[in-house]
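Protein chains in written order, with my numbering: chain A, 47 to 416; chain B, 47 to 416; chain C, 47 to 416. Notes for the one structure printed next.
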Amino acid sequence: MIHASQAIPLNDEAIFDAMPMEEGGQFANHATPLIRNCWYVCARRDEVGRQPISRRLLDTDVVMYRTQSGQPVAMHNRCPHRAFPLVKGRVEGDRLVCGYHGMEFEPDGLCAHLPAVSHVPANACVQTYPIADRGPLTWIWMGDPNLADEALIPELPWLASPEWGSVTGGFHIKTDYVSMHENLIDQTHFPFLHPGTVGTPEYARASMSAATEGNQVMINRRLDNAPPPGIYGKPADIMHKNVDRTSEARFVSPAVHTAHAQIFDNYPEPSKPSVYGYYITHCFTPESNHSIHYWWFNSRDYRLDDTDIDDFMRDASTQAYYEDVEALEWIMDVVLTDKEAQQFELSFAPDKPGLMARRIMHRLAMSERG
Amino acid sequence: MIHASQAIPLNDEAIFDAMPMEEGGQFANHATPLIRNCWYVCARRDEVGRQPISRRLLDTDVVMYRTQSGQPVAMHNRCPHRAFPLVKGRVEGDRLVCGYHGMEFEPDGLCAHLPAVSHVPANACVQTYPIADRGPLTWIWMGDPNLADEALIPELPWLASPEWGSVTGGFHIKTDYVSMHENLIDQTHFPFLHPGTVGTPEYARASMSAATEGNQVMINRRLDNAPPPGIYGKPADIMHKNVDRTSEARFVSPAVHTAHAQIFDNYPEPSKPSVYGYYITHCFTPESNHSIHYWWFNSRDYRLDDTDIDDFMRDASTQAYYEDVEALEWIMDVVLTDKEAQQFELSFAPDKPGLMARRIMHRLAMSERG
Amino acid sequence: MIHASQAIPLNDEAIFDAMPMEEGGQFANHATPLIRNCWYVCARRDEVGRQPISRRLLDTDVVMYRTQSGQPVAMHNRCPHRAFPLVKGRVEGDRLVCGYHGMEFEPDGLCAHLPAVSHVPANACVQTYPIADRGPLTWIWMGDPNLADEALIPELPWLASPEWGSVTGGFHIKTDYVSMHENLIDQTHFPFLHPGTVGTPEYARASMSAATEGNQVMINRRLDNAPPPGIYGKPADIMHKNVDRTSEARFVSPAVHTAHAQIFDNYPEPSKPSVYGYYITHCFTPESNHSIHYWWFNSRDYRLDDTDIDDFMRDASTQAYYEDVEALEWIMDVVLTDKEAQQFELSFAPDKPGLMARRIMHRLAMSERG
């Protein structure tokens, strides 16, 4: 999957250099306009039902509900008449009815009825947004609707496949999606921020390479014959062994980061697997430039019915991701409130994958604005 | 009272149209500069006493107290010396004494004494505002003092007359006075926002006309031979009958909206009235462009000593007006925080009275700045 | 210490006049840029230890700790790599280690080690600030480091001398350091704001003169043969006598105000002093233009081991200074939120010392900006 011509050796000490912010203008940061032409997760699929709910997405209030046949609908949460929040109304049949004057909107946004008048003009409508279910998640397109091709929704087959079992959780975080991506594709912080879960000392020395594929960035690491990290080794009951370990982390889109880890037990006990596979899925959607909605999944390919493993994976994942959440919120607070002049953002060789993703995000954001 | 030439038939379906915001610039909204040349309620009369109180009115902090003879006084709540809030001082005789350096102000705002110096210069004074009591309310003029004619204070005789009995209440609301006026003169939202109190289904079909009188706007409605709404029928004990009903609602000034309802019992029982009258008074004063102080009264002309009716009227009014409060606060939150581009404010025929009032408010606001 | 040529008679009633704000532009106020070329208190000396602490000073987040040899270190609380707050890291040896990627900073700010790379570039560093201990306090210089001469740290010998005993306390206040200085050098507010502690009626009539010495301003007052104020008379057990009293209050620097009071008992009882001396020290540091960190000390030269006197002095000082805190916070709130046009800041003869200090602060602030 990695093309040699693109691969960057990440421990080359000659690469690091101070990167002045003026040159760094080509990298997205918290102040870059949000990318709208992208499928983002708007809700867990089971959150969207016949009772309307609202959520702020990319600075816009959105109201969501399902029709009688189960199709999800997303509308601007603002009646075009007098700005009443439509989530305070009710669903009748397939229509969303405003709670102020009873204006009724079809799933396509057209106003079909206003009780106080006999005929409703043709231009009476509310903005709608393309929305679609995929597996346990519901996705929304907040950009140009002409570009909203459902084939662009990232494929996350392990979330729907019976061969994989997942635990899940989420956070509402005061950070920006750029910092979140940069944090997820960077694994050199593991020993410092996550010493108790994923940050084993040996892993810091694992080889690493990075590459791009279109608008995706991925890193690959490999570490042979070393103790597994607790989060993967304990549920597999192989903490007493040395194992081989591979890991791919991928900036999939502005909305999604995934990781795929495999633990190879070269001397498996009878009736036990020789490979343990994990997929980690991070979906997050800007609420604003400084806050995000975040849903994560940790999926495995063995002992799917073992609820003790479920509990362990849920607790260990929550702990590790909360360490990221705390760190990113501390950083956002510094960035937004500290007034000391800041001339440089220092970057080093291991920051290259994150900077590659930030360059892609910057290009996407700028190209939308023409 | 309605001149035929001004009356607008409100159910003419040909009138409604989308009204682009650029043309709509002639209608006041939450961002229009506040109208200052107007008598506004600053307090219930019994709130203003010998102990100074302060309240923010039209973005200005005002301190109020009474002289020994009972005259109300209103001053800027900011000592001109070092900006100490005068409400933290005390009243001595007729003077308000600053709590920081003991500067003493007469009711006309002149500084009469400063303990640390022997003579006070003639220009040492604090700004005062015209203020006057009327019935249960105290009124203030925050605009050009040369225009503060007390004859302009709206007449609300039912609040002081022994032939009327009132219940009262109030709210501090995060909305704007323009939306409040538009909500009060609009009765087509009754069945949706107030189904339990004033919103009977039959009333939705009542005839309606609107007119202007100088800077006032009023609507008239009539409905014959129908059940009365609970808020008027229950206290009169006529819920089992069909009655005739008339209603006038009036945009009196930027500070006041009134309504007058009459229920006609064409077949009264012996010793019972054939007409039940109600006056509803809504006084509200901008604290800022996005918050208001609100006092309401519900007055009736029968069984004035019946405290059970008082309790019923107070509870039912509080419930109905709180439904408006909630709705207007939701709308204000949408208007102030949602960042989605909003090209149109759609309006329909029944919105005409509100738009007429908003046009008057816009003209008044602009003429002050001319 | 006062040169006659500079002394201003403060009760000259001819001096007072309204001072329009445009002319008053030469006096610092809450909006004047903060003076950075000055030694400010950053912490009590015992607050700075091996566990890093952070504090916002002049709009900049600063992290502080001590080296193994006990030297205080102050750094910008923001890793130059990805803005992680360094206070969330840990001290190892003499270095501060970032908690995100393990970047290690020497006390001079240079990055000595980054685990993910073999060599760290020479320009990898974090900003440091000159810092020094003096007596019970630690001082910082947030301005041009080339001007950070430790000889400029104000001398407060009574805080370190065995001949003086002190009680101390502090507040975090929503006010500005200009208002704080003006309040401290002004004693005409004592009878109004502090009637229970320092504000005796006779003291209002005490003679007063003011003078400047370089960038310092001081006032001198004397009152003979009058009862002492409770805060000085009670601990000395001389409330039953008339005494002579002198007082000097001094604007020492933008960071410090001191006062020196002496009570003369002309007929002392055997074995009791004939003079009771007090030094009051007010150190405060802008957190921002609208908030300050404030440390105070009340020192005396008699019965240093008497803990009852300690308790009395601590309680009485806390009460008096809290009255100032409340008043200054009320004023700040008025100044920041009231929108009424304010044409004049009225000043009077007794305001001259405060205006002299504000003129110095304005000149210092402007000269830094060249």
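No residue lacks a Cβ here, since even glycine has one placed at the ideal position from N, Cα and C.
- Task: Measure the alpha-carbon distance for Ile177/B versus Leu269/C and round it to whole angstroms.
- Result: 46 angstroms
- Task: With a 10 Å radius around its C-beta and 16 neighbouring C-beta atoms as the bar for buried, classify Glu259/A as buried or exposed.
- Result: exposed
- Cutoff 7 angstroms: Ala395/B Cβ touching any chain A Cβ: yes
- What residues of chain C sit near Ala282/B, judged by a beta carbon separation below 9 angstroms? Here the premise fails: no neighbours, minimum Cβ distance about 47 angstroms.
- Can you name the residues of chain B whose CB is closer than 8 angstroms to the CB of Gly145/A? Phe238, Leu239 and Ala373
- For Leu80/B, which residues in chain A fall below 8 angstroms Cβ to Cβ? Within 8 angstroms Cβ-Cβ: nothing; Leu80/B doesn't reach chain A, min ~20 angstroms.
- Along chain C, which residues have their Cβ under 7 angstroms away from the Cβ of Asp105/B? Lys385
- Assign Asp107/C to buried or exposed, taking buried as 16 or more other Cβ atoms, counted over all protein chains shown, within 10 Å of its Cβ. buried
- Message: Extract the residue ranges of the beta strand (DSSP E) inside the region 188-239 of chain C, only unbroken runs of 3 or more that lie entirely within it.
- Response: Within the region 188-239 of chain C, complete beta strand (DSSP E) segments of at least 3 residues are found at 211-219, given in chain order.
- Task: Measure the CB-CB distance between Asp232/A and His336/A and report whether it falls below 7 angstroms.
- Result: Against a cut-off of 7 angstroms, the Cβ pair of His336/A and Asp232/A comes out as no contact.
- Item | Nonlocal neighbours in the same chain, by C-beta distance under 7 angstroms from Ala77/B, ignoring five residues either side | Asn335
- Tell me, to the nearest whole angstrom, how far the beta carbon of Pro274/B is from that of Ile309/B; I am working on the premise that it is less than 8 angstroms. 6 angstroms
- Query: Using a beta-carbon distance below 7 angstroms, is Gly276/B in contact with chain C?
  - Reply: No - not a single Cβ of chain C is within 7 angstroms of the one on Gly276/B.
- Query: What residues of chain C sit near Glu377/A, judged by a beta carbon separation below 7 angstroms?
  - Reply: At residue 377/A the sequence reads Ile, which differs from the Glu that was named. In chain order: Arg128, Ala129 and Phe130.
- Since Asp357/B is in the alpha helix (DSSP H), which residue starts that stretch and which ends it? Following the DSSP letters along the chain, one finds Asp357/B inside the alpha helix (DSSP H) bounded by residues Thr353 to Thr383.
- To the nearest angstrom, report how far apart His127/A and Ile99/A are at their CA atoms. 20 angstroms
- Cα separation between Val172/A and Tyr86/A? Using only the alpha carbons, I get a separation of about 21 angstroms.
- Message: Please classify Pro191/C as buried or exposed, where buried requires at least 16 other C-beta atoms within 10 Å of its C-beta.
- Response: Pro191/C comes out exposed.
- Answer yes if the region 224-243 of chain C comes into contact with the region 348-359 of chain C, meaning at least three C-beta pairs across the two stretches below 8 angstroms, and no otherwise. no
- Message: Buried or exposed for Thr353/C, going by 16 or more other Cβ atoms inside 10 Å?
- Response: exposed
- Sequence-distant residues of the same chain with beta carbon closer than 8 angstroms to Met285/A, five excluded per side: Pro273, Pro274, Gly276 and Gly279
- If you compare alpha carbons, which of Ala362/C, Asn75/C and Arg405/C is closest to Thr243/C? Ala362/C
- Query: Taking the continuous alpha helix (DSSP H) assigned at Gly323/A, which residues delimit it?
  - Reply: Run containing Gly323/A: none in the alpha helix (DSSP H); it sits in the beta strand (DSSP E), Val321 to Ser334.
- Alpha carbon of Ala206/A to alpha carbon of Pro167/A, nearest angstrom: One C-alpha to the other measures close to 44 angstroms.
- Item | Option nearest Tyr324/C by Cα separation, candidates Thr113/C, Met254/C and Glu294/C | Glu294/C
- Task: Using a Cβ cut-off of 7 angstroms (strictly closer), state whether Gly189/A contacts chain B.
- Result: no
- Would you mind reading off the limits of the beta strand (DSSP E) that contains Tyr146/B? Element bounds for Tyr146/B: n/a, residue is neither H nor E.
- Could you have a look at Glu391/A and say whether DSSP puts it in helix, strand or coil? Look at Glu391/A here: in three-state DSSP terms it is strand.
- Item | Contacts that Arg124/C makes with chain A (C-beta to C-beta distance below 8 angstroms) | Val380, Asp384, Glu386 and Gln388
- Message: So the candidates are Gln97/B, Ala170/B, Pro118/B and Ala129/B; which of them puts its Cα closest to the Cα of Glu138/B?
- Response: Gln97/B
- Task: For Gly211/A, I'd like the list of residues in its chain whose CB is within less than 7 angstroms of its CB, leaving aside the five on either flank, ordered along the chain.
- Result: Ser345, Arg346 and Leu350
- Message: Distance cutoff 7 angstroms, beta carbons only. Does Gly411/A sit that close to anything in chain B?
- Response: According to the sequence displayed, residue 411/A carries Ala and not Gly. With 7 angstroms as the cut-off, Ala411/A does not count as an interface residue toward chain B.
- Hey, Leu156/B and Arg91/B: beta-carbon distance below 7 angstroms or not? no
- Query: If you scan the region 256-301 of chain B from start to end, which runs of the beta strand (DSSP E) of 3 or more residues do you find wholly inside it?
  - Reply: 262-272 and 289-299
- Given a threshold of 16 other Cβ atoms within 10 Å of its Cβ, counted over all protein chains shown, does Lys385/A qualify as buried or as exposed? exposed
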